[in-house]
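Inspection log for the structure reproduced underneath, given as structure tokens.
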Amino acid sequence: MRIHTSWALAITACCLPVSAIAASSAPGSNPGATMLRIASQPFRYGGELQGTVPGLQDAIDPPTMHLSMGLSAPAADGSLHGEAILFRTDRRLIAEGMVSGRLVAGPTAGTGECTLHLTLPTQDVVMQGVCTAGALSGEIVSQPRHVGLLTRLATWWGDRAVAGRYWLTPASFDPADRSSSTS
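Residue numbering for the sequence shown follows our numbering, beginning at -7 and increasing consecutively.
Here it is as structure tokens:
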């Protein structure tokens, strides 16, 4: 009976929301400084995220956000790193965070599949799609960070919930996006 109690306690602890694991936003939490770092990256993209990303836009209607992202050149293994800032369409700051991911070369030169992980204070946003030097586009999958083990397993085993779509281009990157107001 004692063994069953220990397992029950361990499972209960794993299934409870873990609020202490919240990651911080981008270093410094200063949108102006973050935008300067993004502008210094070799690959800069800007554009729209359309869809519903729970916890990020509350009552934004229509559900559209602007994303500015700076990425380093891909490493030999295809890994990518950088920073990003999410704004409302009126340029008020929603969140800033770190980006990591992987680029897999496609059948045509200059194209590839990429998966980018945007780590925000309360969300992990996964962007999966096509990457070229001229555009990043695809689907957004959002996973709240404060969920228990059973919720994560149900999401993992179930159908993938697409929260929206994104379209980013170098021409849409605007280094003047330096809003310091919060949502």
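For glycine and all other residues, C-beta sits at the position ideal for the given N, C-alpha and C.
Buried or exposed by the 16-neighbour rule on C-beta atoms within 10 Å, applied to residue i
i	result
residue 60	buried
residue 16	For residue 16, the predicted structure reports a pLDDT of 36, less than 50, and the residue's modelled location is therefore unreliable. The matter cannot be settled from this model.
residue 81	exposed
residue 102	exposed
residue 66	buried
residue 100	exposed
residue 96	exposed
residue 89	buried
Cβ pair residue i, residue j closer than 7 Å
i	j	result
residue 62	residue 36	yes
residue 74	residue 156	no
residue 87	residue 112	yes
residue 128	residue 160	yes
residue 39	residue 166	no
residue 28	residue 158	no
residue 23	residue 72	no
Inter-residue Cα distance where the pair is residue i and residue j
i	j	result
residue 70	residue 76	19 Å
residue 121	residue 30	21 Å
residue 115	residue 133	10 Å
Legend entry - Residue ranges of each alpha helix (DSSP H) within the region 59 to 88, 4 or longer: Taken in chain order, the region 59 to 88 contains no complete alpha helix (DSSP H) segment of 4 residues or longer.
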